[in-house]
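If you read the sequence shown in the working numbering, its first letter stands for residue 5, the second for the next number, and so on. For every residue, glycine included, the Cβ atom is placed at its ideal position computed from N, Cα and C.
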Amino acid sequence: MTDTVHSASRVGRHSLVAEVRGYISDLADGRGRAIVVEGEPGIGKSELMRIARAEAVRLGCQVFWCNCEELSEAFPLLPLLDAFAPNGSLSRYADAHAQIAEWLRAAAIPGNQVNGVGAATTSMLSLISDVCGAGPVLLVVDDLHWADSATVGALSRLFRSTHRQPLLVAGLARPAPRRDDLAALRRAADAQIVLSGLSNDEVIDMVVKAVGGSPGERLRRLAAEAGGNPLYVRELIDAVTRTGTITVDGGQVEITGGRTPASLHAAIADRLEFLSTPVREVLRVAALLGVAFPVSSLASVSGKGVSDLTPVLDEAIAMGVLCEHGAELAFRHPLIRAALYEEMPASLRAAWHLDAARALVRQGASAEKVARQVLPAVDGGSAAVDETLVEWLSGAAHKLAGQAPNATVRLLHWALTDTPPYAKHYQLLTCRLADALFRAGDTPQAARVAHGALTYVKRADLMIDLHQTLLGCRAIEGRREETLRVVEAALQLPGLDELHRARLLVLAARTHRGLGWVDRAEEVAQAALAAATAAHDRWATGWALGVLTLVRGMRGEEEAALPLFERALAVAEGDPSLADLRLMLLLNQAAALGDLDRYDEAIESAERACEQADASGSMVRLAQATSVLGELLFDVGQWDYALKRLDLGGDVPAEALAKCCDYGVVATIRLHRGDPAATQNLLDARVHLARLGDDRMVGSLTLAFSLEREQADAPAEALAVLVDGLAKCEEEIEQTTDLLADAVRLALMIGDVERARALALRAEAVAEPSEVFHRKAVGLHCRGLVDNDPAKLVEAAGQYEKASRPLPRAQALEAAGVAHADNGDVPAARNAFTEAYEMYSALGAAWDLARLQARFRAYGIRRGPRFQHRRSQQGWSSLTPTEEKVVGLVAKGLSNPQIAAQLFLSRRTVQTHVSHVLAKLELSSRTEIAREASQRGI
């Protein structure tokens, strides 16, 4: 980023205007940019951008202007929502705007893990991108220092996208208050323009234009006192004009005497002194509503009819205090509103804010508008609890919590302070407080509030909401068993109807599943499904089906799970309260497809789940989907891409299970590659493993711990790790299947033949009824190891090849080669060695290569001459012709199967090409490929 600091003594505003016009010219030519314009109040930031706006309109660009306000700081995306409201030319985006509102409503649904604000942000960025597609866009965000964090986050993402679309984003901000997120936004800008005061000559020029003549010495000295601030200069001139102390003599304008304001605030106060008392009183009420306000809201809050307000507002406009602002009125400058607002005593302001809030409630205003009035009174500490507003908050808190959880926590604490426990809304407000605390990220306090409330809350719907909050808290803390005990106790309460019983059973089934108690999870989920069906409850039906799909997958019954996935997805379709369930189903469907060796579909489904989780703003689901994708990529040998996607150092919140899976995959890859960083990965993983409890086993992490012990020349300890893991999850077929071949190999290594035979029988029991390639391969692999049978080991390698699993295929071929060599068939041994060597090399598995060569050296078998593989280059120039074709088809929206049909390739080959493209271009999704391709005209 470049800093352009405009000093009054060196650079004039003409140069600055020319610079900004240059940015607009670039925009009209399709080149975007992000700038931040900074300066003290009144220095001319808005005036500069008004010039830019006029130039943009002249060149045919679209212009959108939004203002951030202090009263709106607690509510996400309001400035952008207002700027891109579906009016006029934007009416065709009404559905997209409605979707943003839908995401914000979804955020308000208790227990919904989807981050509706994050999803709304992504949808807003998509809407803006669509608007840019219709023509270059200038977006001005004024008073950025008051922006809510979601708006700042959206702008940060927009700043990074301006080089890819015809979009000029200009943020206007004061130097204070200093905020970390705004500091980061300034650093991300292409240019930062820091406005200082006008030069002496420019001030004189401004005075000449204002008074219509050459200023005399006293008027010049007065103007110089403004410090080059254009607003101050204008207010000073207006002040002396109003007092009639200006004379004109021979074309020279001079001050003849009288009082002059000593500061900008004093100058504005001087302007307000000339207002009549009725106008000033109405403007005080208007100041409560913000910089801009609808006349209808002013009428409601002031208690005056529109006809009574008309002459008052006409006077305010004539005096330069108010101006038209679209369909609303606005103070001509925020400082005018601030002067009116701050001249009121704090206690009076608080009382007026609460009066305004009550008036808006009677008017039927939105929860956000009412909250904007209550919050200043609450934050000021002088607002008494009001029964009307407590009644309002009891109905609005669930919506507010989804959009502004921190603000909602403050409102609820205020409401509960003087509300006795026996009062009508006490239990409801406490329940909403627990939910708001959880959404605000204060998990320990949310758990304390929810747990305490469960000791006295009797309403079944509130109990379920509290249990839902506790379930989320305990899952993050790794304390699911506590939640289970409380839920099961609730199920024993008398008078529980079918709907609430169904919902409690769903929570219990999800908890059993999370604890790995598969049989019990299925039993409870079936009971939940029956109760939900009887109660016609779509939410409980969807979640009961969702748990059953997971149970089938954990048992290795993926074929039976797939129809359940489709049934559950159909139930979840179009219901905002089930948005989180839909994400969970998509990512677990991807895992199920992988378990069936349908990796082309599985990886595509996992990437789609990642994109949808990212779009929804659900960081927990995004972490889970990324974890599933990482394991799939590990299975098929795309290890570099897996390491790219599994960012262990990121701060994305994730449940312990997802974290353990990620650490297991990354550590396993690094151990096979001889990377010492694996040691630290395993140490870090133990923190998350402890949160899961002693009864849980994570397959990838168990393999990594075992491999680390084997590499430390402790094969008995390595075997013990696997045997312990196998004992923990006998119900989870897929988790245990991947451990068996290594367990048999290690048992034979230490001479424990009986254990090896027992494990081989277990593997064959898994393989016998299955048509899944890798399960058949494991049975053959284990039997081949025990019998030292090269034919079975070669057959196992063939099944692994059909399953697209290169690592176990190489391991089976290595064992087959040894068996051939033991039988004296050196040519067959050499062929197996060569194939295994090539696969280990492709994976970069340096440790396996070293072991392979050492084993076969004893048989006189060595590899051929060393050759150096050319490293893949980065960037567009590194793409092969086929990869370029794939990029073009991805940009057209084709799926992998469609691309495969068009290019006469297999789906797996297409997936490999897509993965290579993502790695070479350092992108993370197909959507990003399409966007980058579009920018390059592909």
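- A Cβ-Cβ separation of about 11 Å leaves Leu922 out of contact with Glu936 under the 8 Å criterion.
- Ranking Pro719, Gly520 and Leu744 by CA distance to the CA of Gly755 puts Pro719 first.
- A residue is called buried once 16 or more other Cβ atoms fall within 10 Å of its Cβ, and Arg813 is buried on that count.
- Minimum Cα-Cα distance from Arg190 among the listed residues Glu221, Val237, Ile39 and Glu775 corresponds to Ile39.
- For Asp253, the enclosing beta strand (DSSP E) has its first and last residue at Ile250 to Asp253.
- Under DSSP, Gly175 takes part in a beta bridge, and its partners are Val40 and Val145.
- Gln902: member of the alpha helix (DSSP H) spanning Asn900 to Leu907, first to last residue.
- DSSP places Asn827 in no alpha helix (DSSP H); its state is neither H nor E.
- Between Leu287 and Leu326, the C-beta spacing is below 9 Å.
- When the beta-carbon positions are compared, Met128 and Leu202 stay at least 9 Å from each other.
- Boundaries of the alpha helix (DSSP H) harbouring Leu240: Pro234 to Arg246, taken from the DSSP string.
- In the DSSP assignment, Val67 forms a beta bridge with Leu142.
- Its chain contains Cys70, Cys72 and Thr155 as the residues whose beta carbon lies nearer than 6 Å to that of Pro83, once the 5 sequence neighbours on both sides are disregarded; these appear in chain order.
- Beta-bridge partners assigned by DSSP to His329: Glu332.
- When rounded, the separation of the alpha-carbon atoms in Thr740 and Glu526 is 19 Å.
- Per DSSP, the continuous alpha helix (DSSP H) segment holding Leu488 begins and ends at Arg484 to Ala494.
- Taken in chain order, the complete alpha helix (DSSP H) segments of 4 or more residues contained in the stretch 653 to 703 are 660 to 676 and 681 to 696.
- Sixteen is the threshold: when 16 or more other Cβ atoms of the shown chains lie within 10 Å of the Cβ of Glu562, as they do, the residue is buried.
- In the DSSP assignment, Gln642 falls outside any alpha helix (DSSP H) and carries neither an H nor an E.
- Shortest Cα-Cα distance from Leu696 to any of Asp746, Leu519 and Tyr841 involves Leu519.
- The beta-carbon separation of Leu723 and Ala764, rounded to 14 Å, does not stay under the 8 Å limit for a contact.
- Beta bridge pairing from DSSP links Ile208 with no other residue.
- Secondary structure note for Glu23: it is in no beta strand (DSSP E), and the uninterrupted alpha helix (DSSP H) holding it is Arg17 to Ala32.
- Distance from the Cα of Arg674 is smallest, within the candidate group Val61, Gln715 and Leu223, for Gln715.
- Straight-line measurement puts the Cα of Val378 at about 8 Å from the Cα of Leu415.
- About 12 Å separates the beta carbons of Asp651 and Tyr667, which is beyond the 8 Å limit, so they are not a contact pair.
- Cβ contact annotation for Leu223 (same chain, cutoff 7 Å, sequence separation greater than five): Val211, Val257, Glu258 and Ile259, in chain order.
- For Gly598 against Asp644, the beta-carbon gap comes to about 19 Å, at or over 8 Å, which does not count as contact.
- Three or more Cβ pairs drawn from the stretch 399 to 409 and the stretch 442 to 449 lie within less than 8 Å of each other, which places the two stretches in contact.
- Counting along the chain, the unbroken alpha helix (DSSP H) around Ile132 starts and ends at Gly120 to Gly137.
- In this structure Leu142 touches Arg57 by the C-beta definition: roughly 7 Å separates them, less than 8 Å.
- Counting only the Cα atoms, Glu51 lies some 27 Å from Ala138.
- Ranked by Cα distance from Ser929, the first of Val145, Gln616 and Ala320 is Gln616.
- Rounded to the nearest whole angstrom, the CA to CA distance from Ala342 to Gln367 is 26 Å.
- Ranking Leu497, Arg749, Glu239 and Val374 by CA distance to the CA of Ser304 puts Val374 first.
- Listed in chain order, the alpha helix (DSSP H) runs fully inside the stretch 783 to 829 are 794 to 807 and 810 to 826, counting runs of at least 4 residues.
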